[in-house]
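Notes to accompany the following structure.
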Amino acid sequence: MTKALPGAVHHIGATRQVAGQPIADPGLLEALYARRDYRPAWDQAGRLEALLGSIRDSALHGLHPGDYHLGRLEALSAARSELSDRIALEILATDAAARLAGHLAFGKVDPQKFHPSWNFDHRLDDVQRLALLAELLDAPDVRRALAALAPDSDYYRALQAHLADYRELAARGGWPQVPPGPSLHPGDTSPRVPLLRARLAAGGDPGAVRVPAEPMSFDEELEAAVRRFQARHELEVDGIVGRRTLAALNVPADARVDQLRVNLERVRWVFRDLESRFLLVNIARFRVLLLEDREIRWSTRAVVGRPYRQTPVFRATMTHLELNPAWTVPPTIFAQDLLPDIRRDPGVLARRQMTVFDWDGRPIDPWAVDWRQVDGRHPPYFVRQAPGPTNPLGRIKFLYPNPHQVYMHDTPQGELFRRAQRSFSSGCIRLERPFELAQLLLEGNEAELARMAAAVRSGDTTTIVLPRPIPVLTLYGTAVPDADGIHFTGDVYGRDPPVLRALDAPFAGAAAGADKYP
């Protein structure tokens, strides 16, 4: 086979397929075999079986084994008496291993197709790809080598475990639907209550298993189960089965399986070579977390961008914080929100402690401007609001340079944190407990902690450079495992379905411009 292999590999460049199967990257495949002097990789006992085992294991990661030629490889393996079959098996197995390696290490789907703001390191260059695949083909234990390419993270493994649980649940038929109707309150008696209890019991929520003497009674144990369900689904925890809770209850188990698969893919995009200490913004869950050595050190509720002013997904480095900040009105907010108010009444600026400046920094009398003639897209002025109790940034903001002008900050609208759904900002991230974060970021630096305390007392604008800059990862996750189980959030920006469609789409091959190897 070694003599025939070079010609077969060269031929792929023209056909871009083998045995009717598309090849991901013919050029890299040829370079890989040339590097190996065209030695076969799958003719040793047990190696092909190990690869087939890895391909079947891909389902445990939420991937489709069919993307890796599983059926064709099994057929060729059973009928490899002919040289042509053995050559096809060899090349397809290498293509499958390379493709699976890339999907486990970096994800099947290109995140840049869904996030124009994406700036995380992703994929490898041709030299790195070649080295990785050459090492994989020479690995003594192929199955272990492929498994090691997936994220080495308890978070990822927990998602995998929940995926297995929900798949089993879905295979058993899922859970019953709770019929529509008026809100169910603790203490109510209703023929819908037994179905509610059955639904919660099927989903594994404690307190819903025991059937009371009055089966149609919404008792305290059932209320506790409802509250736990609401907490795990990022709903208002009131024990009442209203419209939002009913909708979450009636999401089919198969849909939850897909939600877990989508979020495993998102983890593969970013959970690689992470720093030991970083801030994580989960837009979909409306939370910010500080992680140190893979443990959550601190977390808080957050407010994120409205669906029509979405907080972008990106990575940056936080470098400093500012106490009692002034607020320069961003261009979008100026054009869409503030300018219409000024046109109706320029006095709104004084009432909000706002000053108008030209681009040379000179103050402008707002009453001397014909605001109807001001172009909101290219205004000749900018507006700044002085520090104070009504300033939208509150008493502190955290700055990490980025082209989106997005940062974390305090807010005078503390009541918003009591809501379960918290997409109210124009893109920035408002924190419920910002000073706790500031103290953690300045931990051990007594002089800067003292400066911060003095600035809070005085009200003076003060900038503090962080002694240790910290990465900020702003991501979007709708399935989050923790000690309480799996949390399913709402898809506030509608980002899950397009990722799922791409994840489920069959591999098209290089001829269709599909993704190449890792």
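In the numbering used here, the protein residues as written are 8 to 525. Where is the CB? At the ideal position from N, CA and C, for every residue including glycine. Just so you know, these numbers come straight off a predicted model, no measurement behind them.
**Report entry** Secondary structure, beta strand (DSSP E): runs of 3+ residues fully inside the stretch 311-386
**Finding:** With a minimum length of 3 residues, the unbroken runs of beta strand (DSSP E) contained wholly in the stretch 311-386 fall at 321-330, 361-365.
Report task. With a threshold of 16 other CB atoms inside 10 Å of the CB of valine 134, please say whether the residue is buried or exposed. Result -> Within the sequence shown, residue 134 is the residue found at index 127, counting from 1. Classification for valine 134: exposed.
**Report entry** Distance CB(leucine 58)-CB(alanine 100) smaller than 8 angstroms
**Finding:** Within the sequence shown, residue 58 is the residue found at index 51, counting from 1. Within the sequence shown, residue 100 is the residue found at index 93, counting from 1. Result yes, Cβ atoms of leucine 58 and alanine 100 sit closer than 8 angstroms.
**Report entry** Closest by C-alpha distance to histidine 240, when choosing among Leu70, Ala393, Thr496, Trp334
**Finding:** Sequence index remark: in the sequence shown, residue 240 carries index 233 (1-based). Per the Cα distances, Thr496.
**Report entry** In DSSP terms, what serine 432 is bridged to
**Finding:** Start at 1 with the first residue of the sequence shown, and residue 432 comes out as number 425. Answer is Gly312.
Query raised in the report: Does the distance from the C-beta atom of valine 185 to that of serine 224 stay below 8 angstroms?
Result: On the sequence shown, residue 185 is found 178 positions in, with the first residue counted as 1. On the sequence shown, residue 224 is found 217 positions in, with the first residue counted as 1. Taking 8 angstroms as the Cβ cut-off, valine 185 and serine 224 do not qualify as a contacting pair.
**Report entry** alpha helix (DSSP H) runs wholly inside the stretch 401-455, at least 4 long, in chain order
**Finding:** 441-448
Requested in this report: Compare the Cα-Cα distances from threonine 324 to each of Asn289, His71, Asp212, Phe285 and report the closest residue.
Outcome: Position 317 of the sequence shown, counted from the start, is the residue given in the question as residue 324. When only C-alpha atoms are compared, the closest one is Phe285.
Requested in this report: Return the Cβ separation of leucine 444 and tryptophan 305 in integer angstroms, given the expectation that the two are a contact with Cβ distance under 8 angstroms.
Outcome: Within the sequence shown, the letter at position 437 stands for residue 444. Within the sequence shown, the letter at position 298 stands for residue 305. The pair is a contact, with the Cβ atoms about 7 angstroms apart (cut-off 8 angstroms).
Query raised in the report: Residues bridged to proline 478 by DSSP?
Result: Here residue 478 refers to the residue found at position 471 of the sequence shown. In DSSP, proline 478 forms a bridge with Thr324.
Query raised in the report: Can you tell me the Cα-Cα spacing of leucine 176 and glycine 114, whole angstroms?
Result: Here residue 176 is taken as the residue at index 169 of the sequence shown, counted from 1. Here residue 114 is taken as the residue at index 107 of the sequence shown, counted from 1. Roughly 26 angstroms between the two C-alpha positions.
Report task. Would you please state the rounded distance, in angstroms, between the beta carbons of glycine 20 and proline 33? I believe it to be under 8 angstroms. Result -> Walking along the sequence shown from the start, residue 20 turns up at place 13. Walking along the sequence shown from the start, residue 33 turns up at place 26. Rounded to whole angstroms, the Cβ separation of glycine 20 and proline 33 is 5 angstroms, and the two are in contact under 8 angstroms.
Query raised in the report: Which first and last residues belong to the beta strand (DSSP E) in which asparagine 289 is found?
Result: As a first step, residue 289 must be located in the sequence shown, where it is residue number 282. First-last of the beta strand (DSSP E) with asparagine 289: 284-289.
Query raised in the report: Can phenylalanine 514 and aspartate 226 be called in contact, C-beta distance under 8 angstroms?
Result: Counting from one through the sequence shown, the residue named residue 514 turns up at place 507. Counting from one through the sequence shown, the residue named residue 226 turns up at place 219. Contact: no.
Requested in this report: Give the straight-line distance between the Cα atoms of histidine 494 and alanine 291, rounded to the nearest whole angstrom.
Outcome: In the sequence shown, residue 494 corresponds to position 487, counting from 1. In the sequence shown, residue 291 corresponds to position 284, counting from 1. When rounded, the distance between both Cα atoms is 11 angstroms.
**Report entry** Buried versus exposed, by CB contacts within 10 Å (16 or more), histidine 76
**Finding:** Against the sequence shown, residue 76 aligns to sequence position 69. Label assigned to histidine 76: buried.
Report task. Per DSSP, which residues does tryptophan 305 bridge with? Please list them. Result -> Counted from its first residue, the sequence shown places residue 305 at position 298. Beta-bridge pairing links tryptophan 305 to Leu297.
Report task. Report the three-state DSSP secondary structure of isoleucine 19 (helix, strand or coil). Result -> For the purposes of this step, residue 19 is taken as the residue at position 12 of the sequence shown. Isoleucine 19 falls in the helix class under three-state DSSP.
Requested in this report: Please report the residue range of the alpha helix (DSSP H) in which valine 200 lies.
Outcome: On the sequence shown, residue 200 is found 193 positions in, with the first residue counted as 1. Element bounds for valine 200: 200-209.
Query raised in the report: Quick check: the stretch 34-48 against the stretch 235-254, are there 3 or more CB pairs under 8 angstroms?
Result: no
Report task. Can you tell me the Cβ-Cβ gap for alanine 333 and arginine 402, rounded? I've got them flagged as a contact below 8 angstroms. Result -> On the sequence shown, residue 333 is found 326 positions in, with the first residue counted as 1. On the sequence shown, residue 402 is found 395 positions in, with the first residue counted as 1. About 12 angstroms separates the two Cβ atoms, so there is no contact after all.
Query - proline 189 versus Asp132, Thr252, Arg359, Ala262, residue with shortest Cα-Cα distance - result: As a working note, residue 189 is residue 182 in the sequence shown. With distances taken between Cα atoms, proline 189 lies closest to Thr252.
Requested in this report: Compare the C-beta of cysteine 435 against all C-beta atoms of chain B and say whether one is closer than 8 angstroms.
Outcome: Annotation note: the requested chain B is absent from the structure, which comprises a single protein chain.
Query raised in the report: Which partner residues does glycine 492 have in the DSSP bridge list?
Result: Position 485 of the sequence shown holds residue 492. In the DSSP output, where bridge partners are listed per residue, glycine 492 has Asp489.
Requested in this report: Work out the CA separation of histidine 327 and tyrosine 388 for me, nearest whole Å.
Outcome: One-based indexing of the sequence shown puts residue 388 at position 381. One-based indexing of the sequence shown puts residue 327 at position 320. When rounded, the distance between both Cα atoms is 27 angstroms.
Query raised in the report: Per DSSP, what kind of secondary structure is phenylalanine 113 in: helix, strand or coil?
Result: Numbered from 1 along the sequence shown, position 106 holds the residue referred to as residue 113. Note: phenylalanine 113 maps to helix in three-state DSSP.
Query raised in the report: Where alanine 342 and threonine 335 are concerned, what is the direct C-alpha to C-alpha distance, given to the nearest angstrom?
Result: The residue given as residue 342 occupies position 335 in the sequence shown. The residue given as residue 335 occupies position 328 in the sequence shown. In a straight line, the C-alpha of alanine 342 is about 13 angstroms away from that of threonine 335.
Requested in this report: Under 7 angstroms Cβ to Cβ from glycine 194, same chain only, skipping five residues before and after it: list those, please.
Outcome: Residue mapping note: residue 194 aligns to position 187 of the sequence shown, counting from 1. So the list reads Phe225, once near-sequence residues are dropped.
Report task. From the DSSP output, read off the bridge partner residues of phenylalanine 389. Result -> Your numbering for residue 389 matches position 382 in the sequence shown. Its beta-bridge partners are Phe364.
Query raised in the report: Name the DSSP bridge partner or partners of serine 224?
Result: What you label residue 224 is simply residue 217 of the sequence shown in a count that begins at 1. Partner(s): Thr196.
Report task. Could you tell me whether the stretch 24-31 touches the stretch 115-122, using the rule of 3 or more Cβ pairs below 8 angstroms? Result -> no
Query - Extent of the continuous alpha helix (DSSP H) run through serine 61 - result: The residue you call residue 61 lines up with position 54 of the sequence shown. That run of the alpha helix (DSSP H) goes 54-64.
Query raised in the report: Taking the C-alpha atoms as reference points, what is the distance between arginine 308 and phenylalanine 293?
Result: As a working note, residue 308 is residue 301 in the sequence shown. As a working note, residue 293 is residue 286 in the sequence shown. Arginine 308 and phenylalanine 293: Cα-Cα distance of roughly 6 angstroms.
Query - tryptophan 417 and proline 394 closer than 8 angstroms at C-beta - result: As a working mapping, residue 417 is identified with position 410 in the sequence shown. As a working mapping, residue 394 is identified with position 387 in the sequence shown. In the sequence under discussion, the amino acid at residue 417 is aspartate, which differs from the tryptophan named in the question. The Cβ-Cβ distance between aspartate 417 and proline 394 does not fall below 8 angstroms.
Query raised in the report: Per DSSP, proline 29 is paired with what?
Result: Reading the sequence shown from its first residue, position 22 is the one you call residue 29. Beta-bridge pairing by DSSP links proline 29 to Gln24.
Report task. Please name the residue or residues paired with leucine 191 in a DSSP beta bridge. Result -> Position 184 of the sequence shown, counting from 1, holds the residue named residue 191. Answer is Val248.
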